[in-house]
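Here the protein sequences come in this chain order: A and B.
Be aware that the first sequence starts at 7, since it is given in the numbering used here, and climbs by one per residue.
Be aware that the second sequence starts at 80, since it is given in the numbering used here, and climbs by one per residue.
All C-beta atoms, glycine included, are put in the ideal place defined by N, C-alpha and C.
Working notes, beginning with the structure itself.
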Amino acid sequence: GESVGLHLPTLSVQEGDNSIINCAYSNSASDYFIWYKQESGKGPQFIIDIRSNMDKRQGQRVTVLLNKTVKHLSLQIAATQPGDSAVYFCAENNQGGKLIFGQGTELSVKP
Amino acid sequence: KAGVTQTPRYLIKTRGQQVTLSCSPISGHRSVSWYQQTPGQGLQFLFEYFSETQRNKGNFPGRFSGRQFSNSRSEMNVSTLELGDSALYLCASSLNGYEQYFGPGTRLTVT
Chain A
7 GESVGLHLPT
17 LSVQEGDNSI
27 INCAYSNSAS
37 DYFIWYKQES
47 GKGPQFIIDI
57 RSNMDKRQGQ
67 RVTVLLNKTV
77 KHLSLQIAAT
87 QPGDSAVYFC
97 AENNQGGKLI
107 FGQGTELSVK
117 P
Chain B
80 KAGVTQTPRY
90 LIKTRGQQVT
100 LSCSPISGHR
110 SVSWYQQTPG
120 QGLQFLFEYF
130 SETQRNKGNF
140 PGRFSGRQFS
150 NSRSEMNVST
160 LELGDSALYL
170 CASSLNGYEQ
180 YFGPGTRLTV
190 T
């Protein structure tokens, strides 16, 4: 029969532009957050994490911002490349090994 | 370091059967978490094992079970398979439950 899937938000950007992917999390007690990238047919790939005692963390071409007041996370990708095309998930953690995932955002990079 | 490995990568089973999936974590990691990924529900936490003990459990029926061995390798078992169990099953390993690294997943199809 027919399957109904989650309707993923889509972000389309031009190669070389900066991308910003947003995520709202649910639990104010969550103390650790991760961004993952998932390409078709693969498992989620760890990108960057941030603890709740920080507002910002930078990696290579990526920056994560955390706003605990409004329970919001964002992932900024600088100089987006075609290889960045994937689904991006945020995840929150407040119980050790249990991650709670957002629905994901599909990033499409136009060459 | 070798990454997380999962076997088998693909499985086709019939309703009513049972299945066992295996996960080998990154060397030195003691925590293994399992997730189910479907188009309709996204990524959902099944359970986490740490040092051979189940430390966290998600909201799945008792047909879903797991275990962890002394070498940190983990297995999950699904009994009396239903069509709705068709999914990508992912395991993730970490030192302590936080910074989780995923394997490629096992694609289970129930017919």
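Residues that residue i bridges to, as DSSP identifies them
| i | result |
| --- | --- |
| residue 93 (chain B) | In DSSP, residue 93 (chain B) forms no bridge with anything. |
| residue 78 (chain A) | A:30 and A:73 |
| residue 63 (chain A) | A:70 |
| residue 152 (chain B) | None; residue 152 (chain B) has no bridge partner. |
| residue 136 (chain B) | B:126 |
| residue 145 (chain B) | B:155 |
| residue 40 (chain A) | A:55 and A:97 |
| residue 106 (chain A) | A:98 |
| residue 114 (chain B) | B:124 and B:169 |
Residue i at chain B interface by Cβ criterion, 8 Å
| i | result |
| --- | --- |
| residue 38 (chain A) | yes |
| residue 15 (chain A) | no |
| residue 43 (chain A) | no |
| residue 8 (chain A) | Confidence in residue 8 (chain A) is poor, its pLDDT being 38 and thus under 50, which makes the residue's placement unreliable; the coordinate value appears in the next sentence. No, residue 8 (chain A) does not count as interfacial toward chain B. |
| residue 50 (chain A) | yes |
Element boundaries [beta strand (DSSP E), containing residue i]
| i | result |
| --- | --- |
| residue 52 (chain A) | 51 to 57 |
| residue 165 (chain B) | Here residue 165 (chain B) belongs to no beta strand (DSSP E), and DSSP marks it neither H nor E. |
| residue 114 (chain A) | 111 to 116 |
Residue i at chain A interface by Cβ criterion, 8 Å
| i | result |
| --- | --- |
| residue 143 (chain B) | no |
| residue 187 (chain B) | no |
| residue 169 (chain B) | yes |
Proximity below 8 Å, CB of residue i to CB of residue j
| i | j | result |
| --- | --- | --- |
| residue 128 (chain B) | residue 153 (chain B) | yes |
| residue 189 (chain B) | residue 162 (chain B) | yes |
Checklist entry - Which residues, in chain order, does the segment 97 to 116 of chain A contribute to contact with chain B at a C-beta distance below 9 Å? => result Taking 9 Å as the Cβ-Cβ cut-off against chain B, the residues of the segment 97 to 116 of chain A that qualify are 97, 99, 101, 102, 103, 104, 105, 106, 107, 108, 109 and 110.
Checklist entry - Quick one, which residues of the segment 171 to 185 of chain B are near chain A if we go by CB-CB under 8 Å, in chain order? => result 171, 173, 175, 176, 177, 178, 179, 180, 181, 182, 183 and 184
Item to check | Selection of the segment 102 to 114 of chain B by Cβ proximity to chain C, strictly under 7 Å | outcome: Absent here is chain C; the protein component of the structure consists of chains A and B.
Checklist entry - At a Cβ cut of 9 Å, what residues of the segment 119 to 137 of chain B count as close to chain A, listed as they run along the chain? => result 119, 120, 121, 122, 123, 124, 126, 127, 128, 129, 134, 135, 136 and 137
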